[in-house]
Amino acid sequence: MTDFVTMLQDKSWLANGSGPRYLQLRERIQEAIDNGVLKENQSLPSEREIAAMTDLSRVTVRKAVSGLVEDQIIVQKRGSGSFVAPKVQKVEQKLSSLTSFTEDMARRGLVADSEWLTRGLFPPSPEETFTLGLSVGERVARLDRLRKANGTPMAIERASLSERSVPDPARVAVSLYDELKRADLRPVRAIQRISAFNLELVDAGLLGVAVGSAGLKIERVSYLASGRVVEFTRSVYRGDAYDFIAELQISDEAD
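Read in my numbering, the sequence shown has 236 at position 250, and its numbers run on one by one without any break.
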């Protein structure tokens, strides 16, 4: 922290004609992080302290820090202050094959872990009834998990299946697809819809990112070889942790 304080107090970096002062301060803090002067999870001085070191107003300091929070470089914890965000290993996932989260992480040498949020049988929503083709009075198995890789929250997965497919949700210990395979119900194809959105309070808190951070919403409907829908999953991924890769075939008619 002493080196960072020294960087701020040397006001040679703050120059007229070099852009708005909040941007100059933001760049100075970013430089300290990039050069390792401020390390992951290290706390920053308070806005009042930074203002005193730099002779800038607290409004200017707040604007500089807010920009870094929006870019997920700084995280703010209520009652604790501002901290350097831990770096998240970017994961690439191909869209051409249907695999489980556990399989994806294992191929990358990462340890997959899950925290159960919901696991049980429930009356279905109209959307679940329609998508899964449920009969009147049939319950739905809901398996909601916070997915982690090497201990870092990566995604929230909310899977819905018919009670016929998963009569005892408690049996799903690690991999849902392994359990479906044992029941000869592993899906063979799926249709996914991906959209970008901003994470709201509950999901942002679970994923350990700021409210409003970029996220990816993925809705997947998975089918058996017979054509019957076996799985309806709505997942939320951290936008800073995932790249989805699609391989495209170029047709002869392409311009």
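For each residue, glycine too, the CB sits at the ideal point set by N, CA and C.
Buried versus exposed, by CB contacts within 10 Å (16 or more), residue i
i: L(-6); result: buried
i: P109; result: exposed
i: A141; result: buried
i: Q177; result: Per the sequence shown, the amino acid found at residue 177 is Ile instead of Gln. I177 should be labelled exposed.
i: S212; result: exposed
i: A98; result: buried
i: P139; result: buried
i: F116; result: exposed
i: E217; result: buried
i: E26; result: exposed
i: S43; result: exposed
i: P112; result: exposed
i: P155; result: buried
i: E35; result: exposed
i: E101; result: exposed
i: V160; result: exposed
i: D90; result: buried
Short Cβ contact (8 Å threshold) for residue i with residue j
i: R128; j: R220; result: no
i: V30; j: S68; result: Reading the sequence as shown, one finds Leu at residue 30 and not Val. A contact, by the Cβ cut-off of 8 Å.
i: I60; j: V47; result: no
i: V70; j: M39; result: no
i: Q16; j: W(-1); result: no
i: S151; j: E114; result: no
i: R224; j: L192; result: no
i: V23; j: D(-11); result: yes
i: K49; j: Y8; result: yes
i: R14; j: G53; result: no
i: Y209; j: R175; result: yes
Rounded Cβ spacing between residue i and residue j (contact assumed at less than 8 Å)
i: G119; j: V215; result: 6 Å
i: E149; j: R179; result: Between R179 and E149 the Cβ distance is about 25 Å, and since that is not below 8 Å, they are no contact.
i: Q58; j: D164; result: Actually they are not in contact, since the Cβ atoms of Q58 and D164 sit about 33 Å apart, beyond 8 Å.
i: M55; j: A196; result: A small correction: the amino acid at residue 55 is Val; Met does not occupy that position in the sequence shown. That pair is a contact at about 6 Å.
Output the residue ranges of the beta strand (DSSP E) runs that lie fully inside the region 150 to 214 and measure 3 residues or longer, sorted by chain position.
175 to 184 and 200 to 209
Can you find at least 3 beta carbon pairs, one from the region 164 to 174 and one from the region 124 to 136, that sit closer than 8 Å?
no
Every unbroken beta strand (DSSP E) inside the region 86 to 136 [3 residues or more]:
98 to 108 and 126 to 135
Does the count of Cβ pairs from the region 177 to 186 and the region 194 to 202 closer than 8 Å reach three?
yes
Completely contained alpha helix (DSSP H) runs for the region 43 to 72, where each covers 4 or more residues
44 to 56
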